[in-house]
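Engineer: Could you have a look at this structure, given as structure tokens, before my questions?
Below is the structure:
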């Protein structure tokens, strides 16, 4: 059985579409988390952006903070992946 066949079989199983562990429930949870993250980010970024845009000061600081914010998840991901890559012989 190939990967695609296993995936289709798993998705076709009615047990994965019902109950508290079902796919629709998990999609709903994912959407809730995504919307919450978006609202928190908007609550932090919109006032800061309006202040920087209106006062025309602090633009460099805002860009620097955004750059750090984009880089930190990459560093965390490297830390999580590093133990697995060290076990691989070149």
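Residue numbers (the numbering used here): 1084 to 1173. C-beta atoms are modelled at their ideal positions from N, C-alpha and C, and glycine is treated no differently.
#1: Residue 1101 lies in the alpha helix (DSSP H); which residues open and close that run?
#2: Could you tell me the alpha carbon to alpha carbon distance between residue 1134 and residue 1112, rounded to whole angstroms?
#3: What is the DSSP secondary structure of residue 1108, counted as helix, strand or coil?
Structural biologist: In short:
#1: No alpha helix (DSSP H) holds residue 1101; DSSP gives it neither H nor E.
#2: So the alpha carbons of these two residues sit roughly 33 Å apart.
#3: Of the three classes helix, strand and coil, the one that applies to residue 1108 here is helix, per DSSP.
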